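Just below is one structure, and these are the notes that go with it.
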Amino acid sequence: MGAVSPAVAAALLLVSAALVGVAFGGDIVHQDDDAPKIPGCSNDFMLVKVQTWVSSRETDEFVGVGARFGPIIESKEKHANRTGLLLADPFDCCAPLKEKVAGEVLLVQRGDCKFTTKAKNAEAAGASAIIIMNNLHELYKMVCDQNETELHINIPAVLLPKDAGTILQGLLALGKVSVQLYSPDRPLVDTAEVFLWLMAVGTILGASYWSAWSAREAVIEQEKLLKDGHESSLNIQTGGSSGMVDITMTSAMLFIVVASLFLVMLYKLMSHWFVELLVVIFCIGGVEGLQTCLVALLSRWFKPAAGSFVKVPFFGAVSYLTLAVCPFCIVFAVLWAVYRRMPYAWIGQDVLGIALIVTVIQIVRIPNLKVGSVLLGCSFLYDIFWVFISKMLFHESVMIVVARGDKTDEDGVPMLLKIPRMFDPWGGYSIIGFGDILLPGLLVAFALRYDWAAKKTLQSGYFLWSMVAYGSGLLITYVALNLMDGHGQPALLYIVPFTLGTFISLGKKRGELRNLWTKGQPPRVCTHTQHPPKDAASAVNLS
40 MGAVSPAVAA ALLLVSAALV GVAFGGDIVH QDDDAPKIPG CSNDFMLVKV QTWVSSRETD
100 EFVGVGARFG PIIESKEKHA NRTGLLLADP FDCCAPLKEK VAGEVLLVQR GDCKFTTKAK
160 NAEAAGASAI IIMNNLHELY KMVCDQNETE LHINIPAVLL PKDAGTILQG LLALGKVSVQ
220 LYSPDRPLVD TAEVFLWLMA VGTILGASYW SAWSAREAVI EQEKLLKDGH ESSLNIQTGG
280 SSGMVDITMT SAMLFIVVAS LFLVMLYKLM SHWFVELLVV IFCIGGVEGL QTCLVALLSR
340 WFKPAAGSFV KVPFFGAVSY LTLAVCPFCI VFAVLWAVYR RMPYAWIGQD VLGIALIVTV
400 IQIVRIPNLK VGSVLLGCSF LYDIFWVFIS KMLFHESVMI VVARGDKTDE DGVPMLLKIP
460 RMFDPWGGYS IIGFGDILLP GLLVAFALRY DWAAKKTLQS GYFLWSMVAY GSGLLITYVA
520 LNLMDGHGQP ALLYIVPFTL GTFISLGKKR GELRNLWTKG QPPRVCTHTQ HPPKDAASAV
580 NLS
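Numbering (our numbering), first residue to last: 40 to 582.
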């Protein structure tokens, strides 16, 4: 209870780092890029809002996707027309309609013919737009066949997922239904991504200083023991505490295998009950992390409570401060788990997540640059494979499917930091996987520990430049995310070359790469070696 055990820390590192891809800002996904743009069928895909009214009373709003054919849908809500909605007859709109319409929007069913055929028949009947109900509970991008040339479709077409289409069809039985179609533009700069960037950088900054401070305290304690003449001392190589975990070469190389197996298990078993299990695991880790952080902070003001211990069954000696803090942490995590679907639940998730990441970085350590390079190199390959290459084997990006929580009613798995896109008309969240902070954070924390041990200044050390490199890599990730139209990006694809490349380049330029690579600590001169007096040494030689 007093601190996260090494075994728990290692397990949390694996669970957290399994999700390292930055997820997306609202991609609509599914089989479209194979269809080339042709004349009359060259629109960019865009999400479309479908606002409804029943008997002049505003009701539900649905989100669909526009087609690659037809005119561009109005982006301003105030300029979009409110138009009556009718059910097509025949419902699939694969044959000419039985009756003409006077500019209404037609609701039709997907299937039995091409999207373009439905749109042509609706236009011929006098419709101003067509809304197509998908036969699946997801969005699908409407494209044209390669042999369809010189299309001249002059009404917009929107596809709705099956559940939204069913609700819309049910509204027609309640009275006269009107709809408004518009596609608002996303803001050029997503403020949520700015705050998420600050959150990620700030988390690594705080975790690195805590890790370096702990290492320095351990060295000071060892120096004091040596000065007092004690034979036993703390092990400097392990950061000064048996509670710390040094990553080995073997574990760094096995990471990509074990993490991949864990990710595939998440992908295959993804369901409501499995997400509930992940929530329980996240809460346990969050309680441990939050408790460790609070005890470390409060111990400076409540030293008597932090220094007094009581034996607790199964946990051993536990400080009174820990006993006081633990109930609050448990209640906080339970309240988040119960109300995690509420609009402001992301705050609790981020608090627990940040506390967990900071605690793991403080306990799990990279001993030298060689181990750090192997760990980040394996993570680099892991991230690229499961975001991009896994599509060839599973027909979808495994990392993104798991991060989104597909096949469940959850808004993604809990091992993510997220912030709502408050100024985006489409809403949603900007998110980042724990691994995109935790794994580079281990290297940045190593840099600060080395700088303090070598008594380097901020500019002459490695920490400042590692932080700049991480921040730059994450910034490039978000730029790529926006350029790729919100499709998920493997963050470590950009972060690892920036962070690791900067560290290695600086080490080589300063002539310290060999020491960083193998030892991970600056050369130390022992100041406590006792030499015999000069006269005594001379007497020995004379004899």
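We put the CB at the ideal spot given by N, CA and C, even for glycine.
Quick caveat: nothing in here was measured; it's all calculated off a predicted structure.
Cβ-Cβ distance between Leu207 and Ile171 below 7 Å
To locate residue 207, count along the sequence shown from 1; it is residue 168. To locate residue 171, count along the sequence shown from 1; it is residue 132. No, these two residues do not count as a Cβ contact at 7 Å.
Quick check: is the beta carbon of Leu210 nearer than 7 Å to any beta carbon in chain C?
In summary, chain C is missing from the structure at hand, where a single protein chain is found.
Need the endpoints of the beta strand (DSSP E) that Thr122 sits in, please.
Along the sequence shown, one-based indexing puts residue 122 at 83. Run containing Thr122: Arg121 to Leu126, per the beta strand (DSSP E) assignment.
Just verifying my parser: in three-state terms, what is the DSSP assignment at Pro479?
In the sequence shown, counting from the first residue as 1, residue 479 sits at position 440. Residue state for Pro479 is assigned as helix, using DSSP reduced to three classes.
C-alpha distance - Thr287 paired with Leu432, whole-angstrom precision
Here residue 287 corresponds to residue number 248 of the sequence shown, with the count starting at 1. Here residue 432 corresponds to residue number 393 of the sequence shown, with the count starting at 1. In a straight line, the C-alpha of Thr287 is about 31 Å away from that of Leu432.
Name the two residues that bound the continuous alpha helix (DSSP H) containing Gln330.
To locate residue 330, count along the sequence shown from 1; it is residue 291. First-last of the alpha helix (DSSP H) with Gln330: His311 to Leu337.
Between which residues of its own chain and Phe502 is the CB-CB distance below 6 Å, once the five residues before and five after are set aside?
The residue given as residue 502 occupies position 463 in the sequence shown. Ala486, Leu487 and Asp490, listed in sequence order.
Candidates Leu175, Leu190 and Gly324: which alpha carbon is nearest Val390's?
Residue numbering aside, residue 390 sits at position 351 when the sequence shown is read from its first letter. Of the candidates Leu175, Leu190 and Gly324, the one whose C-alpha sits nearest the C-alpha of Val390 is Gly324.
From which residue to which residue does the alpha helix (DSSP H) around Lys342 run?
Reading the sequence shown from its first residue, position 303 is the one you call residue 342. Lys342 -> alpha helix (DSSP H) spans Lys342 to Gly346.
In or out: Asp422 buried (at least 16 other Cβ within 10 Å) or exposed?
In the sequence shown, residue 422 corresponds to position 383, counting from 1. By the 10 Å Cβ count, Asp422 comes out buried.
Paired residues, beta bridge with Tyr221 - DSSP:
What you label residue 221 is simply residue 182 of the sequence shown in a count that begins at 1. Residue pairing for Tyr221: DSSP places it in a beta bridge opposite Lys88.
Quick check: the Cα distance between Asp24 and Val218, rounded to an integer number of angstroms?
Only positions 40 to 582 of the chain appear in this structure, which leaves residue 24 out of reach.
Residues in the same chain with beta-carbon distance under 8 Å from Leu213, minus the five sequence neighbours each way, listed in chain order, please.
The count along the sequence shown starts at 1 and reaches residue 213 at position 174. The residues are Val93 and Ser94.
Is DSSP giving Thr357 helix, strand or coil here?
The residue labelled residue 357 in the question sits at position 318 within the sequence shown. Note that residue 357 is Val in the sequence shown, not Thr. Here Val357 sits in strand by DSSP.
Ser250, DSSP secondary structure in three states:
As a position in the sequence shown, residue 250 is number 211, starting the count at 1. Judged by DSSP in its simplified three-state form, Ser250 adopts helix.
What is the DSSP secondary structure of Met506, counted as helix, strand or coil?
As a working mapping, residue 506 is identified with position 467 in the sequence shown. Per DSSP, reduced to three states, the secondary structure at Met506 is helical.
Quick check: what's the CA-CA separation for Leu477 versus Val397?
Translated into the one-based positions of the sequence shown, residue 477 becomes position 438. Translated into the one-based positions of the sequence shown, residue 397 becomes position 358. Here the C-alpha atom of Leu477 lies approximately 8 Å from the C-alpha atom of Val397.
How should Asn160 be labelled, buried or exposed, when 16 other C-beta atoms within 10 angstroms of its C-beta is the threshold for buried?
Taking the sequence shown and counting its residues from 1, the one referred to as residue 160 is at position 121. Burial call: buried.
Opposing strand residues paired with Leu146 [DSSP bridges]:
The residue given as residue 146 occupies position 107 in the sequence shown. Beta-bridge annotation (DSSP): Leu146 is paired with Leu126 and Ile170.
Rounded C-alpha distance that separates Gly79 from Glu449:
Locating residue 79 in the sequence shown gives position 40, where the first residue counts as 1. Locating residue 449 in the sequence shown gives position 410, where the first residue counts as 1. When the Cα atoms are used, Gly79 and Glu449 turn out to be separated by approximately 39 Å.
Do you know whose CA, among Lys88, Pro366 and Tyr248, lies nearest Val483's CA?
Along the sequence shown, one-based indexing puts residue 483 at 444. Minimum Cα distance to Val483 is reached at Tyr248.
In the DSSP output, which residue or residues are listed as bridge partners for Phe101?
Residue numbering aside, residue 101 sits at position 62 when the sequence shown is read from its first letter. Assignment of beta-bridge partners to Phe101 by DSSP yields Val89.
I believe Pro195 touches Ile112 by the beta-carbon criterion, under 8 Å. Please report the beta-carbon distance rounded to the nearest angstrom.
Residue mapping note: residue 195 aligns to position 156 of the sequence shown, counting from 1. Residue mapping note: residue 112 aligns to position 73 of the sequence shown, counting from 1. Between Ile112 and Pro195 the Cβ distance is about 5 Å, and since that is below 8 Å, they are a contact.
State the DSSP-derived secondary structure class of Ala363, mapped to helix, strand or coil.
Position 324 of the sequence shown, counted from the first residue, corresponds to residue 363. Under the three-state reduction of DSSP output, Ala363 falls in the helix class.
If I'm right that Phe371 touches Met454 with Cβ under 8 Å, what's the distance once you round it to whole angstroms?
As a working note, residue 371 is residue 332 in the sequence shown. As a working note, residue 454 is residue 415 in the sequence shown. In fact, because the Cβ distance is near 17 Å, the residues do not count as touching under 8 Å.
Report the three-state DSSP secondary structure of Val228 (helix, strand or coil).
Taking the first residue of the sequence shown as position 1, residue 228 is located at position 189. In the three-state reduction of the DSSP assignment, Val228 falls in the coil class, being assigned neither a helical nor a strand state.
Quick check on the burial criterion: 16 or more other C-beta atoms within 10 angstroms. Buried or exposed for Phe542?
Taking the sequence shown and counting its residues from 1, the one referred to as residue 542 is at position 503. Phe542 is buried by the Cβ-count criterion.
How about Gly467 and Arg460: are their beta carbons less than 7 Å apart?
One-based indexing of the sequence shown puts residue 467 at position 428. One-based indexing of the sequence shown puts residue 460 at position 421. In this structure, Arg460 lies closer than 7 Å to Gly467 by Cβ.
Confirm, please, whether the CB-CB distance from Thr538 to Ala664 is below 7 Å.
Absent from the structure is residue 664, since the part of the chain shown begins at 40 and ends at 582.
Could you pull the start and end residues of the beta strand (DSSP E) that Ser610 belongs to?
Outside the modelled stretch of the chain, which goes from 40 to 582, sits residue 610, for which no answer is possible.
Helix, strand or coil: how does DSSP classify Ser412 here?
Translated into the one-based positions of the sequence shown, residue 412 becomes position 373. Ser412 falls in the helix class under three-state DSSP.
Quick check: what's the CA-CA separation for Val535 versus Asp445?
Here residue 535 is taken as the residue at index 496 of the sequence shown, counted from 1. Here residue 445 is taken as the residue at index 406 of the sequence shown, counted from 1. Rounded to whole angstroms, Val535 to Asp445 spans 28 Å at the Cα level.
Alpha-carbon to alpha-carbon, Ser505 and Gly346:
Numbered from 1 along the sequence shown, position 307 holds the residue referred to as residue 346. Numbered from 1 along the sequence shown, position 466 holds the residue referred to as residue 505. So the alpha carbons of these two residues sit roughly 36 Å apart.
Measure the CB-CB distance between Phe108 and Val89 and report whether it falls below 7 Å.
By 1-based counting over the sequence shown, the position of residue 108 is 69. By 1-based counting over the sequence shown, the position of residue 89 is 50. By the CB criterion at 7 Å, Phe108 and Val89 fall outside the cutoff.
Can Lys263 be considered in contact with the ligand ATP, in the sense that its beta carbon sits closer than 6 Å to one or more heavy atoms?
What this structure holds is no ligand at all, so the ligand ATP is not there to describe.
Measure from the alpha carbon of Asn82 to the alpha carbon of each residue in Ala134, Val182 and Leu145, then state which is nearest.
The residue given as residue 82 occupies position 43 in the sequence shown. Per the Cα distances, Val182.
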